[in-house]
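If you're matching them up, the sequences are chains H and A in order. Anchor point for the first sequence: position 121 equals 121 in my numbering, and the numbering is continuous, going up by one each time. For any residue, its number in my numbering is found by taking its place in the second sequence, counting from 1, and adding 1000. Glycine included, every Cβ here is placed at the ideal spot set by N, Cα and C.
Number of protein chains: 2
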Amino acid sequence: MRIGILGTGTVGATLGTKLVELGHDVKMGSRSATNEKAEDWAKKTSSTKASNGTFADAAAFGEIMFNCTLGQISLEALKMAGAQNLRGKVLIDVSNPLDFSKGMPPTLTVSNTDSVGEQIQRAFPDVKVVKSLNTISAPIMINPKLLQGDTDIFVCGNDSGAKAQVQRLLEQFGWKNIIDLDDISAARGTEMWLALWVRLMMKFQNPMFNIHIQKVN
Amino acid sequence: MRIGILGTGTVGATLGTKLVELGHDVKMGSRSATNEKAEDWAKKTSSTKASNGTFADAAAFGEIMFNCTLGQISLEALKMAGAQNLRGKVLIDVSNPLDFSKGMPPTLTVSNTDSVGEQIQRAFPDVKVVKSLNTISAPIMINPKLLQGDTDIFVCGNDSGAKAQVQRLLEQFGWKNIIDLDDISAARGTEMWLALWVRLMMKFQNPMFNIHIQKVN
C-alpha cells in the first residue's frame, strides 16, 4: 500500500520505518519539502520505498494516512495537506493534544467535551478518521510484543470499513487485542487517558508500558 | 478502626458493608440523620458496628473517612461534614465528577487542569486527602479477585503516612498491585481515566473490569 505520514517526530519516523519494512511505500510529509528530519528519515531508511515531501505531497501520495503531528497543530497540518488530497481516504489519527508549555505534567489543549479526533472529523467530513495508537509510546505501537503478557489497543471512528483496514495494519504490527470503542467521540477517552499515562510514565521513569483490560472470571 | 462513610450510594454501601465485615466500626453519613438509604444500609448490615447519621456525625465518628459522594457535590458534602470534624484525618476520596445531565457518555464537571481530589485538598488543607478506588466499579473495589489475572489500583496524595494507611486498607480488600502516583494532582489522571472507562463499559455492557499495566520484559 502507499502510505502518507504527516509529521516528522519519533512517532512518524517509527511508524514510517516499520511500514517500509512491512513492504509498504511511505512518504513522510512536513511543512517544507526539504525538512531536515524527513530527509534524514528517508535517507536512513535507505529504501526506494521511503520518500519525503510536503504535507500535500504525502497526502496526495497515500492511500492511507497517519496523522503523527502534535495534536494542537494537527488541523493546521491537515489544511496544508489539502482537503482534496485527503478526500475519501482513511486517516489514522495518532496525535495527542499534549501541552507542555507549563512543564510537567502536561495538560490537554482539548478534552472532556471534544477531542482532536473529533475536531479532524468535523473539519474534514469526507475523511474516514480512525483514532488509534495514541495511547502508547512509539516503540510499542509497532511492536506490542516488547511488553510482558497481553496488552490492548483501541480503535474508534465512524466508518466500519476504515476501522477494518486499520485493524489489519495493527495486526501487521503484532497487535492481537484490538478493542473497537465505536464512533470517533471515543477519542475523548483515549486522549484523556494520557493524563494518567503521563503520571505512570513519571512514576516508572519509563514510557515502555501499556494496559491490559482484565475482566471477570 | 472507626470509619466514616460520606454518601449513601452503591459505592458507600459496598465499602461500608465490607469494612464492617473486616471488623471496623462504620458510620454512614448523609444530609439528613434519617436518610432512608443510610437507615436501610445500617439495618441490612445488622451489626452493632454499622450505624448512620449526618455528614457531621460520620465525620466526627471516623478516624478515617471515605468520600463516596458524587464529585460535583463533594465539596458541599464536606462543608456539611465540618472542617473541625475532618481536621488532621485521612480522607479517601473515591468520587468522580461525572456529569450525566446530557446523557451517555457523561462528561466531567472538572478535569484537565484540576480535579475533585485537588479541590478537596485546597478547601481542607488540614485533611490528608488520598485519591483511590475511583477507577473501578464498587464490587471490584472490595474484591479485586473477581477479575482474571493481575489488576492494579492507584493511590495519590500529599501525605506519605496517609497513603501507607490507605494501602493497608486496600490490602484488606485484597489489592496486591498498588501504584503510588505521587501527589494529589495525579487525581486528574485517575479521574480523567473515567472518560475511557465509560466507553469500555458501554462496549462491554458491563462495569466489571479493570486495568493491569504491562511493562517491558
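Closer than 8 angstroms to the CB of A1186(A) there is at least one CB belonging to chain H. Looking at the backbone, the Cα of G1007(A) and that of I213(H) are separated by about 29 angstroms. Contact between the stretch 98 to 114 of chain H and the stretch 183 to 201 of chain H is established, with three or more Cβ pairs separated by less than 8 angstroms. DSSP assignment within the stretch 1129 to 1214 of chain A yields the following whole beta strand (DSSP E) runs of 3 residues or more, N-terminal first: 1152 to 1157 and 1177 to 1180. Selection S1132(A), R1122(A), M1080(A) and F1100(A) evaluated against D1182(A) yields S1132(A) as nearest (Cα-Cα). Under the DSSP definition of a beta bridge, D93(H) partners with N67(H) and K131(H).
The alpha-carbon separation between V129(H) and K102(H) amounts to approximately 30 angstroms. Note that the stretch 1014 to 1029 of chain A does not touch the stretch 156 to 163 of chain H; fewer than 3 beta-carbon pairs, one per stretch, sit closer than 8 angstroms. DSSP, read as helix, strand or coil, puts N1052(A) in strand. Sequence-distant partners of M1141(A) (beyond 5 residues in either direction) whose C-beta falls short of 6 angstroms from its own C-beta, in its chain, are L1133. I64(H) and G1149(A) have their C-alpha atoms spaced approximately 37 angstroms apart.
Of the residues assessed, M192(H) falls on the buried side of the cut-off, its CB having 16 or more other CB atoms within 10 angstroms.
Between V94(H) and G1009(A), the alpha-carbon positions lie close to 38 angstroms from each other. A Cβ-Cβ contact shorter than 8 angstroms links G1029(A) with A1059(A).
Taking a Cβ-Cβ threshold of 8 angstroms, the residues of chain H close to M1208(A) are K215 and V216, in chain order.
Here the alpha carbon of F1100(A) sits roughly 16 angstroms from the alpha carbon of S1137(A).
Within chain A, I1211, H1212, I1213 and Q1214 have C-beta atoms less than 8 angstroms from the C-beta of I211(H), given in sequence order. Within the same chain, and ignoring the five residues on either side of V26(H) in sequence, the residues whose Cβ sits closer than 7 angstroms to its Cβ are I3, I5, G16, L19, V20, K49 and A50. When CB distances to chain H are screened at a threshold of 8 angstroms, the residues of the stretch 1120 to 1148 of chain A falling below it are L1146, L1147 and Q1148, in chain order. Going by C-alpha positions, E1171(A) is about 16 angstroms away from T1014(A). The residue among D1126(A), L1108(A), I1178(A) and N1206(A) with its C-alpha nearest the C-alpha of I1073(A) is L1108(A). DSSP, reduced to helix, strand and coil, places S74(H) within a helical segment of the structure shown. In the three-state scheme derived from DSSP, where H, G and I count as helix and E and B as strand, R1122(A) is classed as helix. About 6 angstroms separates the beta carbon of N1210(A) from that of L1147(A), a gap short enough to meet the 8 angstroms contact definition.
Taking a C-beta distance under 8 angstroms as the contact criterion, R1031(A) and M1080(A) qualify as a contact pair.
Where G1016(A) is concerned, the enclosing alpha helix (DSSP H) starts and stops at T1010 to E1021. The distance from the Cβ of L75(H) to that of Q119(H) is about 6 angstroms, consistent with a contact at the 8 angstroms cut-off. According to DSSP, residue pairing for K1027(A) in a beta bridge involves G1004(A) and S1051(A).
Under a criterion of Cβ atoms nearer than 7 angstroms, no residue of chain H is adjacent to I1064(A); the nearest Cβ is some 24 angstroms distant.
Beta-bridge analysis with DSSP links D1099(A) to T1107(A).
With a contact defined as Cβ atoms closer than 8 angstroms, A1083(A) and F1124(A) qualify at about 6 angstroms. The straight-line gap separating the alpha-carbon atoms of F173(H) and N143(H) is approximately 6 angstroms.
Its chain contains L6, G7, A77 and S95 as the residues whose beta carbon lies nearer than 7 angstroms to that of T69(H), once the 5 sequence neighbours on both sides are disregarded; these appear in chain order.
According to DSSP, residue pairing for V1216(A) in a beta bridge involves L147(H). With respect to N1177(A), T1151(A) sits close: the two C-beta atoms are nearer than 8 angstroms. Put simply, the CB of L108(H) is near chain A, with a gap under 8 angstroms to one of its CB atoms.
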